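So the protein lines, in turn, are chains U and A. Residue numbers 1046 to 1335, in our numbering, belong to the letters of the first sequence in order. Residue numbers -4 to 144, in our numbering, belong to the letters of the second sequence in order. Ideal placement from N, C-alpha and C gives every residue a C-beta, glycine not left out. The structure displayed is predicted, hence computed values, not measured ones. This report refers to the structure that appears directly beneath it.
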Amino acid sequence: MMITDNALLNNIILAVVTIIVAPFLGGLLSGIDRKISARMQNRFGPPIFQPFFDVFKLLGKERIAVNQTQMVYAFGYLFFAVASLIMLVLKQDLLMLMFVLAFSNVSIIMGAMSVRSPYSKIGAQREIIQMMSYEPVLLLMVVGVYLTTKSFMIDSIFTHGQPLLYNLPLVFLAFIFILTIKLRKSPFDFSTSHHGHQELIKGLTTEFSGPQLAVIEVTHWYELVLLMGLIVLFFAKPLWVGILIALVCYFIEMVIDNISARVTWKWMLKASWIVGIGAAMTNIIWLYLK
Amino acid sequence: MGIINSSRKKSPWVMHYACTSCNGCDIEVLACLTPVFDAERFGIVNVGNPKHADVLLVTGSVNKKNARVLKNLYNQMPEPKAVVAIGACACTGGIFRDCYNVLGGVDKVIPVDVYVPGCCARPEAIIDGIVMALGKMDEKAKNMKKVSG
C-alpha cells in the first residue's frame, strides 16, 4: 500500500493530538457526570474539574508499590487503551481494535491478580466475568459491521452510503446494554466503581495507590472517549449527529446509574448473554438473509 | 508542584474508622455526606480504602484490641496524610477514659493533627476539621519532599 509522506505526517499529528486532547475530554465528561449525578440526588455536587484535581493530587502522593510489576500492568492498561483509541481515530481495523482493547483490560486484571489482597482478587475475577459478558457482543458488533460494509476497516464505515444504524439497530441496542458494564456503572459496577463498597472496598483498584491510581484514572478517561467514539460510528454521517447521540447515550447511562441497585454477576451474565447476544444475533441473521 | 499542591486541597479523600464509638459521631460523619451538607462539593469522598485515603477520621476511644487495627490502617495510608479525631472519646477517651481496657484518646496510638470536640461533634465542625487538616498536609508534603530528596 502506498502511503505518501504527507498522509503519514497527517496521521502522526492526528495521533499526537488525540493523545493530548482525549484525557481532557474524558476528564471533563466524567466531571460533568459527577455534577449531574449529584444534581439528580439533590446535592450541589463537586466542581466540573474535580476529576483533574483528584488525578493531580494522586500524582503528588507517596509511591507505595506492593510489588515491582504492578506499575507495569497499570501502564499496560493505559498503553493499550491509548493504542485502541488511536486506531479508532486513524480509522484502522475494527476487529484489531477490539482485541487491543481486550488486552488493555487483561492488563488491569493481571495487575489486580499480582497482589495478595483478597479484595483485589475478587475484583479481578468479577472483571473476568464482566469481560465474558460483553466481549461476545463486541465481536458480534464487528461481524455486523463487516456484513454491512464488507470490510473490517473503520474507514469503510465512513465511505459507506448510509449510517450503520439502518442495518444494525439491534446491535446498537446490545452495545448500549454492554456500555453500562464497560463503564463500570451501576447496576453492573461490581468489579470496581466510583464509590467504595462494603464487601469489596474498591475491587480491582484496591491495591493501586498514588501515581498508579492516577494512571488508571487517566486510562478510564481514554476508555470513555473510545466508547463514545464507538457509538459515533453507528451515526457516522454527519459526524455531529453521532457526537450528539453519544452524549445522549452517556446521559442515559447516568440516569441508569442513579436509579438502579447493583445486581449479582449471575444476573448480569444471563441478561447480557440473552439480551445482548440475542439481539445482536437476531440482527445478524436478518442481515444475512436480506 | 504548584498544581499538585492546590489540587491536594480540593480533593481530600477520607476514610472513616470507628474505634469503640457509641455510633453517635459515626452518624454525624455520615451526615456530612448526605444532601443536606454534601461534603462532595469540596471534593470530599468517603473511600473506605486506606491506600486511597488522605484523611483518616477516627471516632471513639481506643482500647487494647483495636489499637493494632488503627495502627495498621494508619501505616497503610500513603503520605501526605492527616488524622482527625472526632468527638470527645476520640480526643481524650471521654466518659470511657477510666475503663480498665481503654487506652485513652486516639493520640495515644497514632499522631493526631486535628481534634474536633463535641458529644456528638456537629457535621459543620467535622467538615471544618477536615479543612483544617488539609492546611496541615501542606507542611507534611514539604517535609516529605525534604526526606525523599
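- Note on the segment 1194 to 1245 of chain U: whole alpha helix (DSSP H) runs with a minimum of 4 residues are 1199 to 1204 and 1214 to 1227, in chain order.
- At a beta-carbon threshold of 8 Å, the residues of chain U lying near E74 of chain A are K1106 and E1107, ordered along the chain.
- Not a single C-beta of chain U is nearer than 8 Å to the C-beta of N18 of chain A.
- When DSSP states are grouped into helix, strand and coil, Y110 of chain A belongs to the strand group.
- Check the Cα spacing between G100 of chain A and each of A:P7, A:G(-3), A:C14 and A:W8: the tightest is with A:C14.
- Partner residues in the beta bridge of D1138 of chain U, as assigned by DSSP, are U:M1198.
- Not a single C-beta of chain U is nearer than 8 Å to the C-beta of A13 of chain A.
- With respect to V9 of chain A, L52 of chain A sits close: the two C-beta atoms are nearer than 8 Å.
- Along the segment 1243 to 1266 of chain U, the positions whose C-beta sits under 9 Å from a C-beta of chain A are Q1243, I1246, K1247, T1250, T1251, E1252, F1253, S1254, G1255 and L1258, read in chain order.
- The alpha-carbon separation between N1212 of chain U and H47 of chain A amounts to approximately 46 Å.
- Closer than 8 Å to the CB of N138 of chain A there is not a single CB belonging to chain U.
- Apart from the 5 residues on each side of it in sequence, K60 of chain A sits with its Cβ closer than 8 Å to the Cβ of N96 in its chain, given in chain order.
- Taking each of A:S16, A:P118 and A:N58 in turn and checking the Cα distance to V104 of chain A, the smallest one comes out for A:N58.
- For Y69 of chain A, the enclosing alpha helix (DSSP H) has its first and last residue at A62 to Q71.
- Beta-bridge partners assigned by DSSP to I81 of chain A: A:T54 and A:V111.
- Of the candidates U:A1128, U:I1330, U:V1270 and U:F1197, U:V1270 places its Cα closest to the Cα of K1227 of chain U.
- Annotation: the continuous alpha helix (DSSP H) that includes A1325 of chain U extends over G1323 to L1334.
- N61 of chain A does not reach chain U, its nearest Cβ partner there being about 19 Å away, counting only Cβ pairs nearer than 8 Å.
- In this structure, A:I81 is the residue among A:L68, A:D49, A:I81 and A:K137 with its C-alpha nearest to the C-alpha of D123 of chain A.
- By the Cβ criterion, the segment 1216 to 1236 of chain U is in contact with the segment 1309 to 1320 of chain U, since at least three pairs of Cβ atoms, one from each stretch, lie closer than 8 Å.
- Taking 7 Å as the Cβ-Cβ cut-off, the segment 32 to 55 of chain A approaches chain U at D33, E35, R36, G38, N41, V42, G43, N44, K46 and H47, given in chain order.
- Note on geometry: alpha-carbon atoms of L1215 of chain U and N1056 of chain U lie some 33 Å from one another.
- Residue state for N41 of chain A is assigned as strand, using DSSP reduced to three classes.
- When CB distances to chain A are screened at a threshold of 9 Å, the residues of the segment 1063 to 1090 of chain U falling below it are R1079, A1083, Q1086, N1087, R1088, F1089 and G1090, in chain order.
- Against P30 of chain A, the close residues of chain U are Q1086, N1087 and R1088, in the order they occur along the chain (beta-carbon pairs closer than 8 Å).
- When the alpha-carbon of I1221 of chain U is set against those of U:L1192, U:P1096, U:K1106 and U:I1322, the nearest one is in U:I1322.
- Note: M10 of chain A is bridge-paired with A:L51 in the DSSP secondary-structure output.
- Between N67 of chain A and L129 of chain A, the alpha-carbon positions lie close to 22 Å from each other.
- In this structure, DSSP gives G1189 of chain U a helical state, which the three-state scheme calls helix.
- Scanning U:S1149, U:K1106 and U:Y1295 for the CA closest to the CA of L1073 of chain U turns up U:Y1295.
- At a cut-off of 8 Å between beta-carbon atoms, K1166 of chain U makes no contact with chain A.
- The segment 1181 to 1188 of chain U makes no contact with the segment 1247 to 1255 of chain U: fewer than 3 CB pairs, one atom from each, lie closer than 8 Å.
- For F1098 of chain U, the closest Cβ of chain A is nearer than 8 Å.
- Boundaries of the alpha helix (DSSP H) around L1275 of chain U: P1256 to F1279.
- For Q1115 of chain U and L1130 of chain U, the gap between their C-alpha atoms comes out near 23 Å.
- In the assembly as shown, Y1118 of chain U is a buried residue. Its beta-carbon has 16 or more other beta-carbons within 10 Å.
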